[in-house]
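Visitor: Below is one structure. I have some questions about it.
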Amino acid sequence: MLLIYLLFVFSFIPFIQNILYYDSPCVIKKDNSTGRCVYIQECPHVIPGIKKWIFPETCFFEKSEVVICCPNKEDSFRIPHTRMDSTPTKPGEKAEEQCSEYKESLRRSFDPNRLYPVVVGGAKTRKDEFPHMVQIGYDTDNGTSWKCGGSLISDQYVLTAAHCLSTLNFGEAQHARMGIISVYQTANLQQFRIIKRIPHPNYTASEHYHDIGLAKLSQPANYNRYVRPACLHAKHEIDYSWFLLTGWGYTEYAGESSDFLQKLKLELYDVEKCRNVYRNNRKAMLPSGIRDDIMLCASAPDAIGDACLGDSGGPLQAIKAYNGNFDNLYSIVGVTSFGKGCALTKGFPGIYTRVSSYIQWIEGQVWP
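Numbered by mature numbering (1 follows the signal peptide of the UniProt record, and there is no 0), the letters in the sequence shown go through residues -18 to -1, 1 to 350 in order.
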């Protein structure tokens, strides 16, 4: 592949168009179609052609990087290139920079002819409603068992719970799949090996604290309408009034896991009341009780519902930006950690790892 790439680079040097610049419109001469000048890694649908010695047209070179004329495609979702001279230093700046790029790409993909209302609360999801949702799987004697959830936060990293990365019953997380809402769906499915599991260094399996981790995929995901990342909520303060919990977990206590991705509307739960609910767990998994600095309590006040087994690692999220109520961008506020008697009691709180408390650690791993 390296040889093919080098031949591609040198074969097009005489044809560099100096009048073009990054993200400018361009024309593909062979069929007179239009495109935009982007870095080659931002145009994944040309890679299969390059492997067959079919090279895209070059806009120009920037140092050692190739900027090509990427064909316009209806379902393309391109993340703009992050400039190397951008050096955020404050915790949260890198995450916010990435989120701004996700929002810009979302704006460009807006299709005014495809409008849907935002529907929330204990229901199945649309096939493109939560494109950052990931299922995490484990190797068993009967094949892959999908037991946890996660959120795509970059093209190669999934945010999940630390306890999902390595389990007593199923061993280490080995697989990640996305682009689907049904466990039987194959259209738009992308599936990867997990090549690196990164629990937070302060996490221990004997306690519920610091239950957050990252899974690195074997190769970058291809962004489109059904697969794209979510933002990270970087501030301790939370100004959202409601949230969505999503997962394929059990829909009732002692029931069966759902074949379809489910969503449930939640609100934050008073932390003092939450501490009282879990006060009997203090000597076991919560020796310091519920810690507001690193945890969130949330519940469904108007319904019987909570995170259940199989939802672990999935996102507690808020809508960050709209795109005609069709393509929404989400901000991950919490990671599903644990609960108590799922789906048994109206308004009973579940516990979520507070993402903002770990933003600097996440940035150091994903965007060093």
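Here a beta-carbon is modelled for each residue, glycine too, at the ideal position from N, C-alpha and C.
Provide the residue span of the alpha helix (DSSP H) that contains Cys279, from first to last.
Guide: One-based indexing of the sequence shown puts residue 279 at position 297. Not the alpha helix (DSSP H): Cys279 falls in the beta strand (DSSP E), residues Met277 to Ser281.
Visitor: Should Ile177 be labelled buried (16 or more other beta-carbon atoms within 10 Å of its own) or exposed?
Guide: For the purposes of this step, residue 177 is taken as residue 195 along the sequence shown, with counting starting at 1. Exposed, since its Cβ has fewer than 16 Cβ neighbours within 10 Å.
Visitor: Given that a residue counts as buried once 16 or more other Cβ atoms are within 10 Å of its Cβ, and exposed if not, what is Gly31?
Guide: Here residue 31 corresponds to residue number 49 of the sequence shown, with the count starting at 1. Around the beta carbon of Gly31, fewer than 16 other beta carbons sit within 10 angstroms, so the residue counts as exposed.
Visitor: Exposed or buried, His182, counting other C-beta atoms within 10 Å across all chains shown (16 or more means buried)?
Guide: Taking the first residue of the sequence shown as position 1, residue 182 is located at position 200. With 16 or more Cβ atoms within 10 Å of its Cβ, His182 is classed as buried.
Visitor: With a Cβ-Cβ cutoff of 9 Å, do Thr107 and Lys245 count as a contact?
Guide: Position 125 of the sequence shown holds residue 107. Position 263 of the sequence shown holds residue 245. Contact: yes.
Visitor: So, with DSSP's three-state summary, where would you put Trp128?
Guide: Stepping through the sequence shown from its first residue, residue 128 is reached at position 146. In the structure shown, Trp128 sits in a strand (DSSP, three-state: E or B).
Visitor: Any idea if Gly153 is buried or exposed, counting beta-carbon neighbours within 10 angstroms, 16 or more meaning buried?
Guide: To locate residue 153, count along the sequence shown from 1; it is residue 171. Exposed, since its Cβ has fewer than 16 Cβ neighbours within 10 Å.
Visitor: How big is the Cα-Cα spacing for Asp121 and Ala169?
Guide: As a first step, residue 121 must be located in the sequence shown, where it is residue number 139. As a first step, residue 169 must be located in the sequence shown, where it is residue number 187. Computed Cα separation, rounded: 23 Å.
Visitor: Going by alpha carbons, who is nearest to Gly296 out of Leu171, Val337 and Tyr260?
Guide: For the purposes of this step, residue 296 is taken as the residue at position 314 of the sequence shown. Among Leu171, Val337 and Tyr260, the Cα nearest to that of Gly296 is on Val337.
Visitor: For Val317, which beta-bridge partners are listed by DSSP?
Guide: Start at 1 with the first residue of the sequence shown, and residue 317 comes out as number 335. Pro297 and Thr335, per the DSSP bridge assignment.
Visitor: To which residues of the same chain is Ser136 closer than 8 Å at the C-beta, ignoring the five residues directly before and after it?
Guide: In the sequence shown, the residue the question calls residue 136 occupies position 154. Same-chain partners within the cutoff: Gln80, Pro211, Val348 and Trp349.
Visitor: Check each candidate in His114, Glu86, Phe42 and Lys247 and name the one with the smallest Cα separation from Ser313.
Guide: Locating residue 313 in the sequence shown gives position 331, counting from the first residue. For Ser313, the nearest C-alpha among the options comes from His114.
Visitor: Please confirm whether Leu226 and Ala77 have their CB atoms less than 9 Å apart.
Guide: Translated into the one-based positions of the sequence shown, residue 226 becomes position 244. Translated into the one-based positions of the sequence shown, residue 77 becomes position 95. Contact: no.
Visitor: Less than 8 Å between the CB atoms is what I'm expecting for residue 388 and Ser294, so what's the real figure, rounded?
Guide: Beyond the ends of the chain as shown, which are -18 and 350, falls residue 388; an answer cannot be given.
Visitor: What whole-angstrom Cβ distance do Cys19 and Cys41 have, given they're in contact under 8 Å?
Guide: Taking the first residue of the sequence shown as 1, we reach residue 19 at position 37. Taking the first residue of the sequence shown as 1, we reach residue 41 at position 59. Indeed, because the Cβ distance is near 4 Å, the residues count as touching under 8 Å.
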